[in-house]
Each structure stands twice: as C-alpha cells, then as structure tokens.
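In the working numbering, the protein residues as written are 223 to 498.
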C-alpha cells in the first residue's frame, strides 16, 4: 500500500494555517478556510456548532461508525506580536504561531487523511477513520467537550507535539485562584491592619510547602501575583493564580480535599482568604 504524501501540498496547507491568526474564541477564518479546503478535495465535511460563529470540523467514515479519530485543535494562544506571528521557513525548520502547537499536527493529519482517501477510499471507509478539528483548546476546551458529547470512538490520535514519540497518557491540570483581602489605608498606617500581599505570600508558601512535601510528583507554577493598583496605600486585595500539572495516577480528588483543608485552616487566622 503506497501512502506517499504530497510534500508541497502539505507545506502550502501548513503555511496557510499558520498565516491565519486564530486565537481561542476567534477561529472563524481558519475554520472557514479548512472547510473549503476539505470540500475542494472531495471530502464530505460537516460543521459541529460550538458557539456563535465557532464550529468544529468533522469528516466521518462512509458508514458512520468510528474506530479511530484523528483529532487536532485549530486555535492558538494569543500572539505576542501581531506584526510577527506568521509562517517562516529556514531549511527544514518551520516557525510561526501554532507551528508546533498544533497547526503542524493538524496539517499533517489532514494530508495523511486526504492521501488515504484519495488512494484507497475503500480502505479508508473500512478502517472507520474520522478526522476532527476542534476549536477552543487553549482556553476551556469547549470544542473538544462538544465533540465527545456527540461522537463516541474507542481510539483517538491527537497531533500534539511529542517529539514523534507515542504518548499514551498525559498530565492533568488543576488551576487554583487565591484572593486575600484587607482594608485600604494610607501607607503610613500599614501597621494598623493586615496587608493582603503579606497574607498572600504566607499562603503561597504554605501551598508550595504542601505540594513539595506531600505531592512531589506535581508540577506547580505560580503563574500570576498581583494586587489592586492604588498608589501610595495599603492595597485592599491581592490575587494569585497557580497552575498544577498532575500525572495520570495522581488522586486529584484527594489532592483537592487536602488543599481545601489547608485553606480552611489558614482562614481561621486570615478570614479574608478566598479560593477557587
């Protein structure tokens, strides 16, 4: 079975995908382009509505029964520089927003899927292979959630970058939002009340110590730390966001309960602590 792809077609598709700016929530243009691209190549592609003007694209097997789904997401994170995010090529290296995560994977799966259907349409139908390109992965995963509510398949291949090595499971994600509150007052009166930033630093040390001592398998990151901007005063609020990446075997429910217990104990000394 000859499944040789068309490198120039693949390159052209990848360039076009990267050059279309498609941050989460604004995927309309790239979805419209790929919808037309797949139809022009003879595939029956359907739109699965996720939100207003936001659709997943799905190509189903001829008989509707899916054994394996090729899945990719068409959205990217927001560009750091709107003047410099597009396709660039240096030898065999391609760069640009989404080149790795994961328009490269989407282009590869589209080309592989097209090659199979063009050369061996009956094998493609018998193989029960579907192609699903979703939106919203970089934010709340609403495209993937919509996909699995309607379609069911025992196997999926997801084209995220893994250095061309099979990845059979992956870390989960737990996001924590912490808020400490106080009373705004002139900076010269700071000793008259509790400073929310100081309370937050104390809380972050407690959470960090818990994760490092009790859950060393977790990969955590203090992503953001900021207070109310009010000039020469004691701030009335401080907020922090923590990312926690947990291995597949981690007892997520148990970890959440332990964190809740920790926060509850801290609230006894600092009643203006909120967490979500």
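From the three backbone atoms N, C-alpha and C, an ideal C-beta is built for every residue, glycine too.
Pick from the options that is closest to residue i, judged by C-alpha positions
i           : options               : result
residue 479 : 398, 454 and 491      : 398
residue 327 : 485, 338 and 293      : 293
residue 308 : 300, 453, 319 and 371 : 319
residue 310 : 237, 447, 323 and 340 : 237
residue 447 : 428, 490 and 402      : 402
residue 245 : 476, 302, 407 and 383 : 302
residue 381 : 332, 338 and 373      : 332
residue 396 : 412, 250, 386 and 473 : 473
residue 373 : 247, 492 and 286      : 286
residue 492 : 341, 428, 342 and 233 : 428
residue 457 : 433, 430 and 411      : 411
residue 313 : 233, 417 and 483      : 233
residue 339 : 460, 355 and 260      : 260
residue 469 : 249, 379, 442 and 316 : 442
residue 484 : 460, 408, 439 and 430 : 430
residue 248 : 229, 231, 298 and 230 : 298
residue 243 : 306, 275, 489 and 288 : 306
residue 451 : 407, 471, 486 and 435 : 407
residue 471 : 488, 440 and 460      : 440
residue 226 : 489, 337, 459 and 342 : 337
residue 275 : 250, 316 and 266      : 250
residue 379 : 288, 435 and 344      : 288
residue 409 : 317, 231 and 454      : 454
Cutoff 7 Å; reference residue i; Cβ partners in own chain excluding five residues on either side
i           : result
residue 283 : 347, 350, 351 and 352
residue 388 : none
residue 241 : 308 and 309
residue 444 : 426, 462 and 464
residue 417 : 404 and 456
Residue burial classification, residue i (beta-carbon count within 10 angstroms, cutoff 16)
i           : result
residue 377 : exposed
residue 304 : exposed
residue 295 : buried
residue 335 : buried
residue 277 : buried
residue 415 : exposed
residue 437 : buried
residue 394 : exposed
residue 264 : exposed
residue 404 : buried
residue 280 : buried
residue 386 : exposed
residue 433 : buried
residue 476 : exposed
residue 390 : exposed
residue 322 : exposed
residue 413 : exposed
residue 354 : buried
Same chain, Cβ closer than 8 Å to residue i, neighbours up to 5 away in sequence not counted
i           : result
residue 239 : 252, 255, 256, 296, 320, 325, 328 and 329
residue 235 : 259, 329, 332 and 333
Sequence-distant residues of its chain with Cβ nearer than 6 Å to residue i (five each side left out)
i           : result
residue 481 : none
residue 290 : 351 and 377
residue 384 : none
residue 356 : 278, 295, 365, 366 and 369
residue 300 : 245
residue 460 : 402, 418, 419, 422 and 449
Q.
Three Cβ pairs or more, each shorter than 8 Å: is that satisfied between the segment 344 to 362 and the segment 415 to 427?
A. no
Q: Could you say if the segment 364 to 371 and the segment 264 to 278 meet the contact criterion of at least three C-beta pairs nearer than 8 Å?
A: yes
Q. Do three or more CB pairs link the segment 463 to 476 to the segment 484 to 497 at distances below 8 Å?
A. no
Q | Contained alpha helix (DSSP H) runs [length at least 4] in the segment 361 to 449, N- to C-terminal order | A | 364 to 372 and 418 to 436
Q: Would you mind listing the alpha helix (DSSP H) stretches within the segment 319 to 347 that are 4+ residues and don't spill past its ends, in chain order?
A: 326 to 341
Q. Which full runs of the beta strand (DSSP E) of 3+ residues lie inside the segment 236 to 275, going along the chain?
A. 267 to 273
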